[in-house]
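So for the sequence shown, numbering that gives the first Met the number 0 puts the first residue at 0; every next one is plus one. Below you'll find the structure, written out as structure tokens, and then a few comments.
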Amino acid sequence: MADKQAKLELGGKTFEYSVLEGSTGPDVIDIRKLYAQTGAFTFDPGFTSTASCESALTYIDGDEGVLLHRGYPIGQLAEHSSFMEVSYLLLNGELPSKDELDDFSYTITRHTMLHEQLMTFYRGFRRDAHPMAIMCGVVGALSAFYHDSTDISDPTHRTISSHRLIAKMPTIAAMAYKYSVGQPFVYPDNSLSYTGNFLRMTFGVPAEPYVVNPVVERALDRIFILHADHEQNASTSTVRLAGSSGANPFACIAAGIACLWGPAHGGANEAALNMLREIGTPDKIPHYIERAKDKNDPFRLMGFGHRVYKNYDPRATVMQQTVREVFDSLKVTDPLFETALRLEEIALSDPYFIEKKLFPNVDFYSGIILSAIGFPTTMFTALFALARTVGWVAQWNEMISDPGQKIGRPRQLYTGPTERDYIPLTQR
Ligand code: SDX
């Protein structure tokens, strides 16, 4: 089929650019030669219309509310798969056989321990340090301990670093929680599942046995699946940009953690539950809806809206179902769940939210279930980082192994002063 072309008229000249088609989703206009040919840059702050890379990992259709990992819909993965299996799928491209899954899980399980020296890093933090501050520091510090696997040009080094990061994030996150509550660190137990091991390291104590609740284990494993990867979001783009300079994977993931922390991104789960607590009861909802619509008020409905989804975030659907299942099974409830359901109902019937296509996103309900499991709100984004590590690592591997990969170096529209001479101090 004849190549599709896009024409650009600029300065009385016509320029043509190839239009590239993916396996699905929007076409892209290949403008790699545009500056050399036209002397002009494109201008797209926030990258609302920019494809930064080619990827085969995750596909999102924001209008239809579709999320696929290597082609498999998130709803099917959440219902039938496990976080270890989805991790294997993201890293390798296909669902594993039983032997492949067992081998992968065995490998990950045996990388969950931290170098004993890393424990001392925690002691340098105040007890009330935010877990994301600790995660940034400790994950970045991993690059000081694993010199045997930081040659990013060596595929075996990339594989071992990837496994170490996926395996150690639960240990690092659990230790951040233990440090904040003044309890001793609990070492990994290789007899447990990835998620069960994390629950025991977080909530277990040396003074007595810890029995993993299978309902909680399954719910948290599903929550990890929902957070595993999400195309070229802000933190993934941060990891790719850091990796494009050749930085080691531990430093790149630390950069991703830093970006995820922001309340407009992964920090929204913590902010959403704090917002629900501030609203309190459903009768207060109209006041907050009006604040969210007021351009002069910086307040936004946390857990609502999305750069890509202009329909219901499919992850929010699964998250809401999971809240119901866990509450029913554990015979617990939380009045904030009723407030959240009512807030969603009111917002989705309000012309402002309808016109701007603002729907609940993955962060809206997650805090309710994480709180019910026993996590403090300060741990919510650390759990998001724990789960998103496999997505960051898979995206980083995809970028590093791309033969056409170059260092990311955007340009700008300069609006500062043009050249002028220095004025001596005595003349100012
Ligand atoms: C995540 O990118 C990803 O994939 C991220 C993520 C992932 O898995 O990696 O999905 C995870 O980060 C989910 C999003 C979590 N963030 C929040 O819940 C914070 C609240 N949401 C907003 O901050 C906002 O919706 C963003 C940041 C998520 C998206 O912002 P955009 O795409 O830049 O859109 P925008 O800010 O330009 O908003 C468009 C309009 C604006 O009004 P106008 O200027 O056009 O008049 O909608 C309004 C905004 O004021 N708006 C909201 C709103 N979100 C957007 N108004 C009230 N409440 C909100 N939550």
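Here a beta-carbon is modelled for each residue, glycine too, at the ideal position from N, C-alpha and C.
*asked:* Please return the same chain residues whose Cβ sits closer than 7 angstroms to the Cβ of Arg410, not counting the five positions on each side in sequence.
replied: Phe40
*May I have the straight-line CA-CA distance separating Trp395 from Pro285, to the nearest angstrom?*
43 angstroms
*asked:* Going by beta-carbon coordinates alone, are Val214 and Leu76 separated by less than 9 angstroms?
replied: no
*alpha helix (DSSP H) segment containing Glu216, residue limits*: Pro213 to His226
_Nearest to Gly195 (by Cα), restricted to the options Asp26, Ile278 and Phe223_ = Phe223
*Identify the continuous alpha helix (DSSP H) that holds His286 and give its terminal residues.*
Ile284 to Lys292
_Looking at the secondary structure, which residues open and close the alpha helix (DSSP H) in which Leu275 lies?_
Ala267 to Ile278
*asked:* Going by C-alpha to C-alpha distance, which of Ser81, Ile28, Pro169 and Lys3 sits closest to Ala384?
replied: Pro169
*By DSSP, does Thr72 sit in helix, in strand, or in coil?*
Correcting the residue type first, residue 72 is Pro in the shown sequence and not Thr. Correct three-state label for Pro72: strand.
*Could you give the DSSP three-state label for Thr417: helix, strand or coil?*
coil
*Use the C-beta contact count for Val210: other C-beta atoms within 10 angstroms, 16 or more gives buried, fewer gives exposed.*
exposed
*Would you say Leu357 touches the ligand SDX, meaning its beta carbon is less than 8 angstroms from a heavy atom?*
yes
*Could you check if Lys3 is buried or exposed, using at least 16 other CB atoms within 10 Å of its CB as the buried criterion?*
exposed
*Tell me which same chain residues have a C-beta within less than 8 angstroms of the C-beta of Thr332, skipping the five on either side of it?*
Phe326
*Nearest residue (CA-CA) to Arg69, options Asp362, Glu93, Arg122 and Met83*: Glu93
*For the ligand SDX, is there a heavy atom less than 8 angstroms away from the beta-carbon of Met301?*
yes
*Taking Ala254 as the reference, which of Val18, His162 and Met134 has the closest Cα?*
Met134
*Going straight from the alpha carbon of Pro130 to that of Ser179, what length do you get?*
8 angstroms
*So Ser86 and Val389 are in contact, right, with Cβ under 8 angstroms, and what is the actual spacing, rounded?*
4 angstroms
*Is it true that the stretch 109-116 meets the stretch 155-167, where meeting means three or more beta-carbon pairs spaced less than 8 angstroms apart?*
yes
*Pick from Trp391, Ala263, Lys309 and Pro25: whose alpha carbon is nearest that of Glu354?*
Lys309
*Return the first residue and the last residue of the alpha helix (DSSP H) that Ile151 is part of.*
No alpha helix (DSSP H) contains Ile151, which DSSP labels as neither H nor E.
*Leaving out the 5 sequence neighbours to the left and right, which residues in its chain are closer than 6 angstroms to Ile171 when beta-carbon positions are compared?*
Val137
_Range covered by the beta strand (DSSP E) that runs through Leu19_ = Lys12 to Leu19
*Since Tyr364 and Ala315 are thought to touch, with beta carbons under 8 angstroms apart, how far apart are those beta carbons, to the nearest angstrom?*
6 angstroms
*Proximity test, Ser234 beta-carbon vs the ligand SDX heavy atom, cut-off 8 angstroms*: yes
*Fully enclosed by the stretch 322-363, which beta strand (DSSP E) runs are 3 residues long or longer?*
none
*Cβ-heavy atom distance between His226 and the ligand SDX below 8 angstroms?*
yes
*asked:* Here's the rule I'm using: 16 or more other beta-carbon atoms within 10 Å means buried, otherwise exposed. How should Gly245 be labelled?
replied: exposed
*What are the residues that DSSP puts in a beta bridge with Val204?*
Glu207
_Measuring only from the beta carbon, is Thr47 closer than 8 angstroms to any heavy atom that is part of the ligand SDX?_
yes
*Asn295 Cβ short of 8 angstroms to the ligand SDX heavy atom set*: no
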